[in-house]
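Here the protein sequences come in this chain order: L and A.
So that you can map any letter, position 99 of the first sequence is 98 in numbering that gives the first Met the number 0, and since no number is skipped, the others follow by simple counting.
So that you can map any letter, position 129 of the second sequence is 128 in numbering that gives the first Met the number 0, and since no number is skipped, the others follow by simple counting.
Remarks on the structure that follows.
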Amino acid sequence: MSTLDVGTYSPREKGVVGLLGALAALLLVAVLTGFLAPAYLLYLIGLSAMYMLLSMGLNVQWGYGGMINFSVAAFFGLGAYGTALLTASGSPISGGVSPVIALFGGLGLAAVLAVIIGYPTLKLRDDYLAIASLGLAEVVRIFILNESQWTAGSAGLTGIPLFFSDWPVLGDLTYPYVFNVGGTPVFNMSQSVVTSLLNVVLVTVIVAAVYLFLRRIHQSPWGRVLRTIRTDEDLAETLGKNTFAFKMQAFVIGSLIMALAGVFYSHLVLFVSPQDLQPITTFYVWVAVILGGTGSDRGAMLGGFTIVAIQQGTRFLTDTGALPIGAAPLRLMLVGLLIIFIVRLRPEGILPPERELIWPDSMGGGRDE
Amino acid sequence: MAQILQYLANGLVFSSIIILGSIGLSLVYSIADFANFAHGDTMTLGAYGAFVAFGVFGGLGGTVLGLPIGFFLSLAVGMALAAVVAVLTHILVYKPLDTDSIGLLITSIGVAFVYRAVLQATFGTDFLQYDISRSGPIPVLLDTLNVAVTQRDVAIIVSAAVLVAGLHLLLQRTTLGRKMRATADNPDLARVSGIRTDRVILVMWVVGSALAAAGGVFLALYSQLDPRIGFNILLVVFAAVILGGIGSVYGAMLGGLLIGMLHELTPLLSDVGLPVSNAYAPAVAFVIMVAVLLVRPRGIAGDMT
Chain L
0 MSTLDVGTYS
10 PREKGVVGLL
20 GALAALLLVA
30 VLTGFLAPAY
40 LLYLIGLSAM
50 YMLLSMGLNV
60 QWGYGGMINF
70 SVAAFFGLGA
80 YGTALLTASG
90 SPISGGVSPV
100 IALFGGLGLA
110 AVLAVIIGYP
120 TLKLRDDYLA
130 IASLGLAEVV
140 RIFILNESQW
150 TAGSAGLTGI
160 PLFFSDWPVL
170 GDLTYPYVFN
180 VGGTPVFNMS
190 QSVVTSLLNV
200 VLVTVIVAAV
210 YLFLRRIHQS
220 PWGRVLRTIR
230 TDEDLAETLG
240 KNTFAFKMQA
250 FVIGSLIMAL
260 AGVFYSHLVL
270 FVSPQDLQPI
280 TTFYVWVAVI
290 LGGTGSDRGA
300 MLGGFTIVAI
310 QQGTRFLTDT
320 GALPIGAAPL
330 RLMLVGLLII
340 FIVRLRPEGI
350 LPPERELIWP
360 DSMGGGRDE
Chain A
0 MAQILQYLAN
10 GLVFSSIIIL
20 GSIGLSLVYS
30 IADFANFAHG
40 DTMTLGAYGA
50 FVAFGVFGGL
60 GGTVLGLPIG
70 FFLSLAVGMA
80 LAAVVAVLTH
90 ILVYKPLDTD
100 SIGLLITSIG
110 VAFVYRAVLQ
120 ATFGTDFLQY
130 DISRSGPIPV
140 LLDTLNVAVT
150 QRDVAIIVSA
160 AVLVAGLHLL
170 LQRTTLGRKM
180 RATADNPDLA
190 RVSGIRTDRV
200 ILVMWVVGSA
210 LAAAGGVFLA
220 LYSQLDPRIG
230 FNILLVVFAA
240 VILGGIGSVY
250 GAMLGGLLIG
260 MLHELTPLLS
270 DVGLPVSNAY
280 APAVAFVIMV
290 AVLLVRPRGI
300 AGDMT
């Protein structure tokens, strides 16, 4: 049995699964004992899933295609602003559009920006691409910060509705929501728990769909060409592939997934501001991807989870007052040290792609492509 | 006309700061071969180092260029601190790494965060200022040219010029400078020619970080001090380095001068009818950077070392 055999797990993978299981059990105990509010736990799950989306989006660009995109925050922000500007009551433009339609507003903006940023930068050398994309992302942030007649500027956008607010049944629930079985009340839930639950359902569907979609395209001939480009762009060129077109496609797909994360974020937190477009957001997502394992979507998910653990965990740690350091510097310090140690000790990440790179046919007994 | 002169004067001050930042970034880029994202936070580190030192030396009497002598001592302390930290970082973090230039780039982001976290934890995020009273514009210049330039502005320009001239002499007139130029030009060839490139790289970190720190100190003197000043200006510095051409110290100086000027000349755009406010000055620099990368990836100065 080779270590790459489909269906078996390496000791490291088992370890990661065990650790996540233990953490989940701990959180469950915290909720049952009343230490953690259920709505907050659900919010954390939603946030983790959002970072998973961002990491998977970056993974398409950096993990599959080798493009160093430092403008993650800009695409995330355009998704968030796109939907917020169309739906929010506080929107300076119009507002009041149904979130299901506004979703496409966010995605459309991101797609346009992806082409605008991608076209000039994707031909650049690796490190130039990093600097140029970070610079262009800053242009987007400066624009949103200063064009307050369209974006509400530094004040940010408030009054964003919940994603399901105008849905027939889900939007009309009255609270506390009581679910009866034969006249006996079974559930009795507050608004915050119901809305958080709906958010989790929504994001789970999105993450699952994106994951399956990415697995499919990664194993397809398209994914194989992209991997060839990552390894040796000249070779791909020699084989007659239009490498620029492939990179552009990967760039747009990745950016759309990031924008999707932004759309979800808008309807989760119900507030967006230029603060969300700071370069730090981009670097968080980079940490998630290189920690999880570049090129691995399962790794990207693990990385997304870790980021939320750092963000929210530092708040708990410093709330106890036992540490001589504030939450913000502690978070920055942990992320910084994490970056340094991953590159030093485990540059391939915790869950590097193994089975992802093998398509089922070649293993025998797999389904047909 | 006086308006344009005023913009140019402001540009000269800002350029001095950008030039000091871009020299070090360019040196690291050419010798250590990676885009150092911790360079901006090295500038911040120097500025805080000088801030603490000024608390000690600030009382020293006498003034040079309208600034207390204690300020220049504190400047030296800030430069020394940044140099020591950069050398330690090189030895502890970068040198043991077995990775490519992208791995180094990502690591330098981690280093930047650690620097900033330490500063933020120690000093908080509030704005600070060197305790030096501000004087008004120099009367002569205001009367004759109608340009408002303070003594502080002049001090920044002159100090930067002295530091840059010192670097020029180091590079052109000393053996060490020749070794640095050789290593920047072709590290492998320099090594086989018997140059101890390890030592040259250490010197490069010392020189680059010390100049960055000076840039940070002047930036804090020009505006205010907070843990983000260096990172906020990093991309503008990158724009200058790329404009000048990676790996060319003199190109970096030229790029710094141009980007600094363009940054402060942004208001001219609205004077000619383009509605671009001052807030877009960095954005203008980034767009120029991308344009240069597209048209002339080696920068305007090419490979001139």
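All C-beta atoms, glycine included, are put in the ideal place defined by N, C-alpha and C.
Give the residues of chain L in contact with A/Y47, contact being defined as C-beta atoms less than 7 Å apart.
Per Cβ cutoff of 7 Å: no residues; A/Y47 is ~14 Å from chain L at best.
Through-space distance from A/M203 to A/Y6, alpha-carbon basis:
34 Å
Inter-residue spacing [alpha-carbon to alpha-carbon] between A/A37 and L/G89
39 Å
Should the stretch 246-265 of chain L be regarded as contacting the stretch 67-82 of chain L, the criterion being three or more beta carbon pairs within less than 8 Å?
yes
Give the residues from the stretch 11-29 of chain L that approach chain A closer than 9 Å (Cβ to any Cβ), ordered along the chain.
none
Could you check whether L/L276 and L/I92 sit closer than 8 Å to each other, using their CB atoms as the reference points?
no
Could you confirm whether any beta carbon from chain A is found closer than 8 Å to the beta carbon of L/L290?
no
Of all the CB atoms in chain L, is at least one closer than 8 Å to the CB of A/S29?
no
Got a sec? Which residues, its chain only, sit under 7 Å from A/V163 by beta carbon, not counting five neighbours each side?
I18, M252
Assigned secondary structure, L/M0 (DSSP; H/G/I helix, E/B strand, else coil):
Because L/M0 sits at a pLDDT of 38, beneath the cut-off of 50, its placement in the model cannot be relied upon, and the following sentence gives the value as read from the coordinates. It is coil, neither helix nor strand.
Using beta carbons (cut-off 8 Å, strictly below), is A/G65 in contact with chain L?
no
Please identify, using Cβ separations under 9 Å, the residues of the stretch 316-344 of chain L that lie next to chain A, in order along the chain.
P323, I324, G325, A327, P328, L329, R330, L331, M332, L333, V334, G335, L336, L337, I338, I339, F340, I341, V342, R343
A/A82 and A/V205 look like a contact to me (Cβ under 8 Å); what is the Cβ gap, rounded to whole Å?
4 Å
With a cut-off of 8 Å, does the C-beta of A/T304 fall near any C-beta of chain L?
With a pLDDT of 45 at A/T304, under the threshold of 50, the predicted position of this residue should be treated as unreliable, and no value is reported.
Using 8 Å as the limit for Cβ to Cβ distance, is A/P281 near chain L?
yes
Assuming A/I232 and A/L218 form a contact by the criterion Cβ under 8 Å, report the distance between their Cβ atoms to the nearest whole angstrom.
7 Å
For A/L127, list the residues DSSP reports as bridge partners.
A/L224
Using beta carbons (cut-off 8 Å, strictly below), is L/E368 in contact with chain A?
With a pLDDT of 40 at L/E368, under the threshold of 50, the modelled position of this residue cannot be trusted; read the value that follows with caution. Taking Cβ atoms only, chain A never reaches closer than 8 Å to L/E368, which makes this a no.
L/V271 - DSSP class collapsed to helix/strand/coil:
strand
Under 8 Å Cβ-Cβ, which residues of chain L neighbour A/S276?
N145
So L/F282 contacts chain A; which residues on that side make the cut at Cβ distance below 8 Å?
I108, F112
For L/F282, the nearest candidate out of L/S272, L/I115, L/L336 (CA to CA)
L/L336
Which bits of chain A does L/W149 rub up against, with CB to CB less than 9 Å?
The contacting residues do not exist; L/W149 stays about 14 Å from chain A at best.
Taking only beta-carbon atoms, is A/S73 less than 8 Å away from chain L?
no
Between L/G134 and chain A, is there a C-beta pair that is closer than 8 Å?
yes
Exposed unless 16 or more other CB atoms sit within 10 angstroms - verdict on A/G364
In the structure displayed, chain A extends from 0 to 304; residue 364 of chain A sits before or after that span and is not available.
Put A/I16 into one of helix, strand or coil per three-state DSSP.
helix
Answer with yes or no whether the minimum CB distance from L/W285 to chain A is below 8 Å.
yes
If we define contact as Cβ-Cβ less than 8 Å, is A/R151 a contact residue for chain L?
no
Taking Cβ-Cβ distances shorter than 9 Å, what residues in chain A pair up with L/D296?
Correct list: empty, because the minimum Cβ distance to chain A is about 20 Å.
Anything in chain A within Cβ reach of L/D125, meaning under 8 Å, just list it in chain order.
S100, I101
What would DSSP say about A/P305, mapped onto helix, strand or coil?
Summary: the structure shown does not reach residue 305 of chain A, with chain A confined to residues 0 through 304, and so no result is reported for it.
Reducing DSSP to helix, strand and coil, say where A/V146 ends up.
coil
Which chain A residues are close to L/I309, counting only those with a beta carbon under 9 Å from its beta carbon?
Within chain A, no residue comes near L/I309; the closest Cβ sits about 12 Å away, beyond 9 Å.
C-alpha distance - A/V148 paired with L/R314, whole-angstrom precision:
46 Å
6 Å CB neighbourhood of L/D367 in its chain, flanking five on each side removed
Reliability of the predicted coordinates at L/D367 is poor, the pLDDT of 43 falling under 50, and no value is obtained from them.
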